[in-house]
Amino acid sequence: MKRIYMDHAATTPLAPEVLEAMIPYFSQRYGNPSSLHSFGREAREAVEEARAEVAALLNAEPSEIYFTSGGTESDNLAIKGIARRNRKKGRHIITSSIEHPAVLEVCRSLTREGFEVTYLPVTREGLVEVGAVEEAVCEDTILISIMHANNEIGTIQPLEEIGKLAREKEIYFHTDGVQTAGKIPVDVRSLGIDAFSISAHKLYGPKGAGALFIRKGVRIESIQQGGGHERGMRSGTENVPGIAGLGAAARIAKENMAEESERMRSLRDRMSGWVLKNIEGSWLNGHPDKRLPSNLNFSFRYIEGESLLLHLDALGIAASTGSACSSKKLAASHVLSAIGLSPVDSHGSLRITLGMSNTEEDVDYACRAIFDSVKRLREMSAMRPE
Ligand SMILES: *Cc1c(COP(=O)(O)O)cnc(C)c1O
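In terms of the numbering used here, the sequence shown opens at residue 235 and continues consecutively.
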């Protein structure tokens with residue numbers, strides 16, 4: 235049976251060129267980048283080349299890029315590192331209620347160190363309101379952390395306005411950009427961002443590699459001590475193959491972005507157009523246009539998302555309900571709750587995230603499969619009124 239992967243917000247396959255770029259650093263070029271001999275220098279060159287490629291993707295300087303083990307670590311480093319280093323200035327952090335757990339749980343853990351956190355609500359479309367950020371700011375606020383685009387509903391936040399506010403109030407501004415890096419243009423300068431997290435495996439790179447942009451001059455301390463790698467910010471021998479892969483992924487994403495994002499947008503709109511027209515009691519969660527080109531998040535009335543997911547899986551389609559991290563729990567998605575969905579409606583959600591390998595044919599097949607599955611499930615559903 236043909237298998238169609240439509241869960242690219244959970245992870246992406248390696249681009250073939252990325253794999254090729256990584257292989258030498260598993261085999262002949264195994265040097266430690268800290269070594270002074272030719273083996274070491276080769277590895278160091280790969281790391282520095284990747285740093286330049288990641289910097290170019292974000293319009294940053296290479297010296298502002300620090301490699302980490304992924305999005306989660308980048309979020310930890312940014313938030314804990316900035317909060318702890320600036321605690322004499324203040325103890326208040328502002329974030330949103332729809333952040334990834336890598337931000338929410340870090341903020342929660344900081345409350346045990348005496349920090350106070352405001353979790354801002356969002357609109358029905360999943361937008362953080364700039365006015366609400368401004369209202370939440372107090373004398374004690376040292377950090378605002380608002381994600382660029384949401385991993386479940388795809389809503390893109392008004393970062394430029396939030397960045398402007400942060401600068402005026404002299405508050406540091408971190409963004410979890412794991413879902414946008416490589417998919418839509420990111421310019422950390424024009425967005426007024428002080429720290430930006432990315433993860434390789436969300437942009438056709440390897441798992442276990444990521445980076446944090448830290449603007450030059452930001453006061454931040456390391457959260458991992460050791461041999462002083464990454465200019466003291468992240469000790470531990472560099473994951474050279476992973477970093478080389480991230481660099482290649484960043485370069486390819488930048489080259490293909492304009493074309494690929496247009497293609498995604500057209501596939502996305504083809505799918506939502508068909509589904510919303512042909513399946514009764516369906517709607518799209520998230521913002522109609524301030525939205526990732528690859529994201530669809532549907533709700534189907536009288537449907538249990540997990541059952542729909544399994545039906546689709548049996549038809550060869552890989553999608554998700556809520557986020558991958560919470561899909562094993564039965565609790566309603568915190569994001570869908572935050573946009574005002576009832577627990578019943580949020581359990582009837584289906585996230586489709588498109589990617590490089592998907593074609594119009596795949597989309598049309600998936601539309602039919604969703605239609606048939608929803609129909610069958612509704613026929614069996616106990617939730618459906620007679
Ligand atoms: C996937 C994801 C992360 C975590 O990245 P890892 O590299 O898997 O640790 C963080 N934030 C968002 C928005 C994500 O989608």
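We put the CB at the ideal spot given by N, CA and C, even for glycine.
Checklist entry - In terms of alpha-carbon separation, which member of A284, L575, A445 and I448 lies closest to A482? => result Residue A284 is the option with its Cα nearest to A482.
Checklist entry - Name the DSSP bridge partner or partners of G444? => result Partner(s): T302 and S433.
Item to check | Cβ pair A443, G466 closer than 7 Å | outcome: No, they are not a contact pair.
Next on the checklist: What ranges does the alpha helix (DSSP H) occupy inside the region 446-513, keeping only unbroken runs of at least 4 residues that lie completely in it?
Outcome noted: Listed in chain order, they are 474-512.
Checklist entry - Can you list, in chain order, the residues of its chain whose CB lies under 7 Å from that of F605, leaving out five sequence neighbours each side? => result These residues qualify, in order along the chain: N512 and I513.
Checklist entry - At which residues does the beta strand (DSSP E) containing L544 begin and terminate? => result Premise fails: L544 lies in the alpha helix (DSSP H), G539 to A548, not in any beta strand (DSSP E).
Next on the checklist: Just checking A286 against ligand 1 - is the residue's beta carbon closer than 6 Å to any of the ligand's heavy atoms?
Outcome noted: Not so, every heavy atom of ligand 1 lies at least 6 Å from the Cβ.
Next on the checklist: Quick check on the burial criterion: 16 or more other C-beta atoms within 10 angstroms. Buried or exposed for K236?
Outcome noted: Exposed, because fewer than 16 other Cβ atoms sit within 10 Å of the Cβ of K236.
Item to check | Simplified DSSP state of V288, which is helix, strand or coil | outcome: DSSP places V288 in helix when its eight states are reduced to three.
Checklist entry - Per DSSP, which one or two residues make a beta bridge with G241? => result Residue 241 is actually Asp in this sequence, not Gly. DSSP, once it has assigned bridges, lists T587 as partnering D241.
Next on the checklist: Suppose you measure from the CA of S297 to the CA of T245; what does that come to, to the nearest Å?
Outcome noted: Taken atom to atom, the span from the alpha-carbon of S297 to that of T245 is near 28 Å.
Item to check | For L354 and V367, believed in contact at Cβ under 8 Å, the rounded distance | outcome: Contact flag correct, Cβ pair sits at about 7 Å.
Checklist entry - Around the Cβ of A243, are there at least 16 other Cβ atoms within 10 angstroms (buried) or fewer (exposed)? => result Label assigned to A243: buried.
Checklist entry - Are the region 287-305 and the region 421-434 in contact at 8 Å, needing three or more beta carbon pairs? => result They touch, by the three-pair rule.
Checklist entry - Pick from N519, I405 and H545: whose alpha carbon is nearest that of R453? => result Of the candidates N519, I405 and H545, the one whose C-alpha sits nearest the C-alpha of R453 is I405.
Checklist entry - In terms of residue numbering, what span does the beta strand (DSSP E) encompassing I327 cover? => result I327 -> beta strand (DSSP E) spans H326 to S330.
Checklist entry - Taking the C-alpha atoms as reference points, what is the distance between Q459 and V412? => result Cα to Cα, the separation comes out at about 25 Å.
Checklist entry - Name the DSSP beta bridge partners of E350, please? => result Answer by DSSP bridge pairing, in chain order: H326.
Next on the checklist: Does Q262 pass the burial test, meaning 16 or more other C-beta atoms within 10 Å, or should it be called exposed?
Outcome noted: Classification for Q262: exposed.
Item to check | DSSP bridge partner residues for R321 (one or two, in chain order) | outcome: Bridge pairing for R321: absent [DSSP].
Item to check | Neighbour-count burial assignment, P250, 16 or more Cβ in a 10 Å radius | outcome: With fewer than 16 other Cβ atoms from the protein chains shown falling within 10 Å of its own Cβ, P250 counts as exposed.
Checklist entry - Are the Cβ atoms of F447 and A317 separated by less than 7 Å? => result A317 sits away from F447, with the two beta carbons spaced by 7 Å or more.
Item to check | Endpoints, alpha helix (DSSP H) assigned at T345 | outcome: Unbroken alpha helix (DSSP H) run through T345: P335 to T345.
Checklist entry - Does the beta-carbon distance from R499 to P522 come in below 7 Å? => result Taking 7 Å as the Cβ cut-off, R499 and P522 do not qualify as a contacting pair.
Item to check | beta-carbon Q262 near ligand 1 non-hydrogen atom, thresh 6 Å | outcome: For Q262, the CB stays at least 6 Å from every heavy atom of ligand 1.
Item to check | Nearest-angstrom Cα separation, counted from A277 out to Y259 | outcome: Cα-Cα distance, rounded: 7 Å.
Next on the checklist: Looking at A603: is its Cβ nearer than 7 Å to the Cβ of L546?
Outcome noted: Judged by beta-carbon spacing, L546 lies within the 7 Å limit of A603, meaning their Cβ atoms are closer than that value.
Item to check | Limits of the unbroken beta strand (DSSP E) element including L526 | outcome: Annotation: L526 is outside any beta strand (DSSP E) and is labelled neither H nor E by DSSP.
Item to check | Simplified DSSP assignment, three categories, for A255 | outcome: Helix.
Item to check | Pair within 7 Å by beta-carbon distance, Y300 and E538 | outcome: Contact: no.
Item to check | H334 Cβ short of 6 Å to ligand 3 heavy atom set | outcome: No copy of ligand 3 occurs in the structure displayed; its ligands are ligand 1 alone.
Next on the checklist: Is T471 close to ligand 1? I mean its beta-carbon at under 6 Å from any heavy atom of the ligand.
Outcome noted: Distances taken from the Cβ of T471 to the heavy atoms of ligand 1 include none shorter than 6 Å.
Next on the checklist: Considering Cα atoms alone, identify which of I313, A445, L437 and R449 is closest to G426.
Outcome noted: If we check each option's Cα against that of G426, R449 comes out closest.
Checklist entry - With a Cβ-Cβ cutoff of 7 Å, do S330 and I380 count as a contact? => result In this structure, I380 lies closer than 7 Å to S330 by Cβ.
Checklist entry - For the putative contact between G315 and S456, defined by C-beta atoms under 8 Å, what is the C-beta separation to the nearest angstrom? => result Rounded, the Cβ-Cβ distance is 7 Å, consistent with contact.
Next on the checklist: Beta-carbon within less than 7 Å of D241's beta-carbon, same chain only, minus the 5 sequence neighbours each way: which residues are those?
Outcome noted: Answer for D241: A552, A553, S554 and T587, listed in chain order.
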